[in-house]
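S.K.: Next up is a structure, given as structure tokens.
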Amino acid sequence: MRTFFLTITLLSYLFSISQNISGKAEYQSKTTIDMDNFGGSEMSEQMKQQIAERMKSMLEKTFILTFNANESIYKEEEKLETGGGRGFGMMMNSFSAGPQYKNLKENVLLEEREFFGKQFLIKDTLNGLNWEIGKESKQIGQYLAIKATATKEIDENDFSMARRRNRDRDEGEKEADSTKTESDDPMDQIEVPKQILVTAWFTPQIPVGNGPGEYGGLPGLILELNAYRTTILCTKIVMNPSEMDAIEPLTKGEEVSRSEYNAIIAEKIKEMRENFRNRGGRRGRN
0 MRTFFLTITL LSYLFSISQN ISGKAEYQSK TTIDMDNFGG SEMSEQMKQQ IAERMKSMLE
60 KTFILTFNAN ESIYKEEEKL ETGGGRGFGM MMNSFSAGPQ YKNLKENVLL EEREFFGKQF
120 LIKDTLNGLN WEIGKESKQI GQYLAIKATA TKEIDENDFS MARRRNRDRD EGEKEADSTK
180 TESDDPMDQI EVPKQILVTA WFTPQIPVGN GPGEYGGLPG LILELNAYRT TILCTKIVMN
240 PSEMDAIEPL TKGEEVSRSE YNAIIAEKIK EMRENFRNRG GRRGRN
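This is the structure we're talking about:
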């Protein structure tokens, strides 16, 4: 009975302080790519290094999460563009998330995203992953972090996770459809996994159900997250700062649902494939 009373008291205390909590967390995000899976095996080491350097700004980023008990804004830290690889960079950025607003109380996610020059405001619900909290823990900075894992379903049009077909599968993910045969269409050479394993490390010492990007739903702030080829690590936290940016719903862009946005992507990909086939047909007749 005494243990039960202490547990209830602790939970009540954490809940009470979470209502007045606010902070800013800085995250370093790094994504790895196996160049050999995208034709890199035919490149020289010098060429691979040059391409890797050009892609560094897309694969290594800094994000800031501004949060309170119920709301947050997550966005990339502004920096000067270094140039190089603009065409490929523009295409990759079209499949990358922009600033994100979360409202935990209302279960709302707003995301600004630019897709091939057009601005959209995606309105969605929070992903609600079925987290399994384990017994493993580790120290991240001054905070004790606890491990949690979940399986995440991936939309077939999420080309931020594209890879060469039948190659490079990670443990815990489900195979994508591998029944298609080889063709000259580059889109036939890649696939998107149907599922990935997500690993998060959260700290109950900061009792808010938030984290980087779309992630949250754990009894503490997520300090580290591993999803497919991306690792996000919190490197700095300022709790209850004297000055903090306003946390307000995003408004920029044409408002669409997630399913509507995915349909727009699918239509654009179809258009790109048709254009590629038409150009190939013209070369074949010459």
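Here numbering that gives the first Met the number 0 is used: position 12 in the sequence shown is 11, and no number is missing along the way. Glycine included, every Cβ here is placed at the ideal spot set by N, Cα and C. This one's a predicted model, so the numbers in the text were calculated from it and none came from an experiment.
(1) Going by C-alpha distance, which of Ile72, Gly22, Thr31 and Met46 is nearest Glu213?
(2) Ordered along the chain, which non-local residues of its own chain (more than five positions away) have a Cβ less than 8 Å from that of Glu242?
(3) Could you give the distance in angstroms between the alpha-carbon of Arg95 and the alpha-carbon of Asn19?
(4) What first and last residue would you give for the beta strand (DSSP E) that runs through Ser256?
(5) Asp167 to Lys251, Cα distance in whole Å?
(6) In terms of alpha-carbon separation, which member of Asp154, Gln194, Ala149 and Glu190 lies closest to Leu128?
(7) Quick check: the Cα distance between Thr234 and Tyr26, rounded to an integer number of angstroms?
(8) In the structure shown, what three-state DSSP assignment does Lys286 receive?
(9) Per DSSP, which residues does Lys146 bridge with? Please list them.
(10) Residues in its own chain within less than 8 Å of Leu125 by CB, not counting five upstream and five downstream?
(11) Whole angstroms are fine: how far does the CA of Asp123 sit from the CA of Pro248?
(12) Closer than 8 Å by C-beta to Val255: which residues in its own chain qualify, once you throw out the five before and the five after it? Chain order, please.
(13) Nearest by alpha-carbon distance to Met238: which of Glu253, Gln99 and Ala68 is it?
(14) Going by C-alpha to C-alpha distance, which of Thr30, Glu44 and Glu70 sits closest to Asn209?
(15) Nearest to Trp200 by alpha carbon, out of Ile63, Glu131 and Gln99?
(16) For Ile246 and Thr65, which I take to be in contact (beta-carbon distance under 8 Å), what is that distance rounded to the nearest angstrom?
(17) Exposed or buried, which one is Arg278 when buried takes at least 16 other CB atoms within 10 Å?
(18) So the beta strand (DSSP E) Phe62 belongs to, where does it begin and stop?
(19) Taking Ile153 and Pro192 to be in contact with their CB atoms under 8 Å, please state how far apart those CB atoms are, rounded to whole angstroms.
(20) According to the neighbour-count rule (16 or more other Cβ atoms, all chains shown, within 10 Å of its Cβ), is Ala265 buried or exposed?
(21) Closest to Gln99 by CA distance: which of Glu44, Lys117, Lys74 and Ile268 is it?
(22) In this structure, does DSSP put Asn225 in helix, strand or coil?
(23) How long is the line joining the alpha carbons of Leu143 and Phe62, rounded to whole angstroms?
(24) Using CA atoms only, rank isn't needed, just tell me which of Gly140, Met271, Phe114 and Leu224 is closest to Val197.
(25) How should Gly219 be labelled, buried or exposed, when 16 other C-beta atoms within 10 angstroms of its C-beta is the threshold for buried?
M.R.: To lay it out plainly:
(1) Ile72
(2) none
(3) Looking at the sequence itself, residue 95 is Ser, so the reference to Arg does not match. One C-alpha to the other measures close to 32 Å.
(4) Glu253 to Ser256
(5) Only weak support is given to the placement of Asp167: the predicted model assigns it a pLDDT of 48, under 50, and the value that follows is read from those uncertain coordinates. Their Cα atoms are separated by approximately 37 Å.
(6) Ala149
(7) 6 Å
(8) The structure shown has nothing for residue 286, since the chain only spans 0 to 285.
(9) Trp200
(10) Lys101, Leu103, Asn106, Val107, Leu108, Glu213, Gly215 and Gly216
(11) 13 Å
(12) Phe119, Leu120, Ile121, Lys122 and Ile263
(13) Ala68
(14) Glu70
(15) Glu131
(16) 6 Å
(17) exposed
(18) Glu59 to Asn67
(19) 6 Å
(20) exposed
(21) Lys74
(22) strand
(23) 22 Å
(24) Leu224
(25) buried
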